[in-house]
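Mapping of the sequence shown onto full-length UniProt numbering: position 115 corresponds to residue 115, and the numbering continues sequentially without gaps.
Built from N, CA and C at the ideal position, the CB exists for glycine as well.
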Amino acid sequence: MSLKSYSSKCIKKYLMAYNMKLKHSYETDKNAETTGDLYIKLDVENVKIGHLHYSIDESANLHIDMIRVNRRNKPSIPIKITKILLLYLLSKHTDDVQTATLTALPSNDQTKIGNEFCLICFYQQLGFDPIAYDSKKMVDKCVRKIKKIDPDYDKRSDMCILCECQKNDIIFTKIDLRYLRVDMKALLPNLIKLLDIAYNDINESC
């Protein structure tokens, strides 16, 4: 599916069925760089439950500076709302984007303090992979320790394995994770493939 297949009208219609509204504002400067904000609000309570701030540079790279999602709802809601924000963003900037990047910082998501690798795992589930970040030794150590607890442990993506260890207080690194900063990148075909799954639900509402 190409980026042009995503319909912003469908996405808005889908959100309306759940009493949600999407607000999008952006501007392009003289250097052809675009900056913008996306919000999803609960229409009834006027509560902001999702916010994405981004920029698109002259090299056609979409950089996501911040993703914040209200986690007072079910655990599955944050990733679903984040995917909707990304879908809408891609639908509006079809011809402007070749790659997408972001930086995983604990300060961007206070709920992940103490579970820093879970934030990176969250982004990996969205189609982003760490750039020049070697986790192999940590992953190997983590898997060995997890298998002592759960011999049938099913190997997942690197950062989600480390997230699992961190949640279970398994020590696998001497790094001070409070300052963990990981740059991540997604190639558009990979990102689109993952977002297609989210779009299937939305498309049914049109």
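Answer with yes or no whether the minimum CB distance from residue i to chain B is below 7 Å.
i	result
K193	Reference to chain B is not applicable here, since this structure consists of a single protein chain.
Roughly how many whole angstroms lie between the Cα atoms of residue i and residue j?
i	j	result
N203	Q98	24 Å
N61	E164	31 Å
S2	L89	With a pLDDT of only 49 at S2, under 50, the local geometry of the prediction cannot be trusted, and no value is derived from it.
R156	A132	19 Å
V182	D134	10 Å
H51	N19	17 Å
D95	D129	23 Å
Taking DSSP's pairing of strands, which residues face residue i in a bridge?
i	result
T35	E27 and S55
K21	K41
D129	K185
How is the alpha helix (DSSP H) around residue i delimited, first residue to last?
i	result
I149	K136 to I149
I161	D158 to K167
F117	E116 to Q125
K12	S8 to M16
If you scan the region 41-106 from start to end, which runs of the alpha helix (DSSP H) of 4 or more residues do you find wholly inside it? 77-92
Which full runs of the beta strand (DSSP E) of 3+ residues lie inside the region 169-201, going along the chain? 182-187
Does the pairing of the region 186-201 with the region 136-155 give three or more beta-carbon distances under 8 Å? no
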